[in-house]
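Reading through the structure tokens given below for one structure.
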Amino acid sequence: MITGRSQVRVLPRALQSLHGKALQAPAEGSHVAVVSSSNARAIAEELASSLGWAHIPAESRRFPDTEGYVRMPEEHIEAIRNEPVVVVSNTFPDAGIVETLLLLDLIRDLRAGRMENLRNIGPQAMDDVGTGVILAIPYYGYARQDKRFKPGEPISARAIGRLLASHCDAMVVLDLHAPAVLEDLPVPVAFTTAMPELAAHLQDTVQPDFVLSPDKGAIDRASAVAEAIGCGFSYLEKTRIDARTIVHKAKDLDVDGKVVAIVDDMIATGGTICRAADALRAQGATAVHAACCHGLFTGGAIHRLSSFVDGVHATGSLPNPRGVIQGGPALARGVHSILDTWT
């Protein structure tokens with residue numbers, strides 16, 4: 002059974018902020034502010050609602066030259082300074098990275114009491130309330146560039162992580178493709194998963210007889226979903242025939258007359274899912290559903306998938322037309338795991 006805190010892992014980093022001050026947990030009965038960027042409004046509302054905290058959408062817009070602008074309205078400044086703050090923001094697409102950094106920087110200024118502004122509105126300086134900024138990332142952009150495949154390449158996932166860590170006191174990441182890439186960051190990182198919510202959704206709507214991982218990389222997630230549902234599980238092995246041909250072969254697969262759910266961390270073009278669905282149909286599966294945490298659905302993926310599967314199910318980690326599973330509760334578990342470590 003996959004439930005609760007058992008599905009959150011916090012990297013064993015020193016639980017001190019970059020400024021050397023002890024991080025403080027919120028007072029009992031207090032309400033942490035949940036601030037969202039423009040690309041994570043819905044899932045931030047889910048997180049805030051599941052914890053009974055206040056959701057504060059930051060103002061955001063674009064200048065005519067496409068540069069981004071973010072601002073925290075004056076009426077919310079006190080909430081930002083009172084308790085730890087959870088910033089919910091995606092680092093995808095690239096503009097999301099910039100918006101996230103701007104949002105983290107303005108919140109750091111507010112908490113430090115740096116209020117000076119050219120229009121001389123309000124107090125120009127206030128007391129420093131200290132550290133306590135948690136960045137919660139529903140979809141971590143550049144996650145798949147977690148290795149150096151050729152000489153001269155950056156490890157992009159690590160580079161983005163280091164940049165973000167320099168602007169916050171802790172991070173929460175939802176269903177990261179390869180968590181090991183963030184193991185050396187200078188702030189605590191909690192890895193959380195929406196697989197409990199995904200399993201419950203599939204059980205309620207699809208009632209699969211069998212869960213399949215499309216490759217070895219998704220085995221842990223897919224097997225956990227199968228265990229939660231109480232059904233069979235297997236995975237496909239990829240065999241590359243040539244530069245353009247990949248064959249998927251089943252391992253211990255018995256799906257004749259069964260409803261099958263293919264579970265992965267993300268679906269981008271949908272090509273892997275389509276090939277897996279083909280293999281399942283050939284083995285006699287009566288229905289095939291695709292489920293993931295992150296629905297990127299690039300290059301007409303939804304249309305392509307509709308020819309191969311009977312349903313597509315994703316969380317709203319990114320805004321997408323198949324975001325029917327709540328990811329906010331999973332982020333909330335990660336936030337709680339961070340707060341539990343603070344004094």
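If you read the sequence shown in my numbering, its first letter stands for residue 2, the second for the next number, and so on. From the three backbone atoms N, C-alpha and C, an ideal C-beta is built for every residue, glycine too.
Residue from the options whose Cα sits closest to the Cα of residue i
i, options, result
"residue 318", "94, 64, 79", "94"
"residue 313", "84, 268, 340, 327", "268"
"residue 113", "133, 100, 98", "133"
"residue 41", "10, 77, 97, 207", "97"
"residue 74", "270, 36, 222", "36"
"residue 218", "207, 235, 208", "235"
"residue 279", "294, 311, 299, 297", "311"
"residue 188", "325, 111, 162, 300", "162"
"residue 261", "207, 297, 229", "207"
"residue 56", "326, 157, 88, 324", "88"
"residue 72", "295, 130, 62", "62"
"residue 83", "54, 92, 68, 67", "54"
"residue 289", "274, 33, 315, 9", "274"
"residue 136", "326, 128, 170", "170"
"residue 225", "173, 330, 200, 127", "200"
"residue 105", "143, 120, 76, 59", "59"
Counted within 10 angstroms of its Cβ, other Cβ atoms place residue i as buried (16 or more) or exposed
i, result
"residue 304", "exposed"
"residue 368", "In the structure displayed, the chain extends from 2 to 344; residue 368 sits before or after that span and is not available."
"residue 159", "buried"
"residue 1", "Absent from the structure is residue 1, since the part of the chain shown begins at 2 and ends at 344."
"residue 64", "exposed"
"residue 122", "exposed"
"residue 99", "exposed"
"residue 338", "buried"
"residue 140", "buried"
"residue 155", "exposed"
"residue 322", "exposed"
"residue 167", "exposed"
"residue 22", "Bear in mind that the predicted position of residue 22 carries a pLDDT of just 41, short of 50, making it unreliable; the figure below should be weighed with that in mind. Exposed."
"residue 146", "buried"
"residue 164", "exposed"
"residue 336", "buried"
"residue 222", "buried"
"residue 101", "buried"
"residue 90", "buried"
"residue 333", "buried"
"residue 300", "exposed"
"residue 309", "buried"
"residue 70", "exposed"
"residue 326", "buried"
Three-way DSSP call (helix, strand, coil) for residue i in this model
i, result
"residue 57", "strand"
"residue 63", "strand"
"residue 331", "helix"
"residue 108", "helix"
"residue 72", "strand"
"residue 302", "helix"
"residue 22", "With a pLDDT of 41 at residue 22, under the threshold of 50, the modelled position of that residue is not reliable, and the figure given next carries that caveat. Three-state DSSP puts residue 22 in coil, outside helix and strand."
"residue 99", "helix"
"residue 52", "helix"
"residue 175", "strand"
"residue 17", "Note that residue 17 has pLDDT 39, beneath the 50 cutoff, so the model's placement of it is unreliable and no number is given."
"residue 44", "helix"
"residue 221", "helix"
"residue 199", "helix"
"residue 257", "coil"
"residue 180", "helix"
"residue 340", "helix"
"residue 146", "coil"
"residue 1", "As shown, the chain starts at 2 and ends at 344. That puts residue 1 outside it, with no answer to give."
"residue 207", "coil"
"residue 154", "coil"
"residue 308", "coil"
Per DSSP, the bridge partner or partners of residue i
i, result
"residue 324", "315"
"residue 10", "192"
"residue 37", "58, 89"
"residue 234", "212"
"residue 263", "213, 291"
"residue 136", "88, 172"
"residue 268", "296"
"residue 115", "126"
Residue range of the unbroken alpha helix (DSSP H) whose run includes residue i
i, result
"residue 162", "157 to 166"
"residue 82", "78 to 83"
N- and C-terminal bounds of the beta strand (DSSP E) containing residue i
i, result
"residue 272", "That residue, residue 272, is in no beta strand (DSSP E); its alpha helix (DSSP H) goes 272 to 283."
"residue 353", "This structure gives no information on residue 353, because the portion of the chain shown stretches from 2 to 344."
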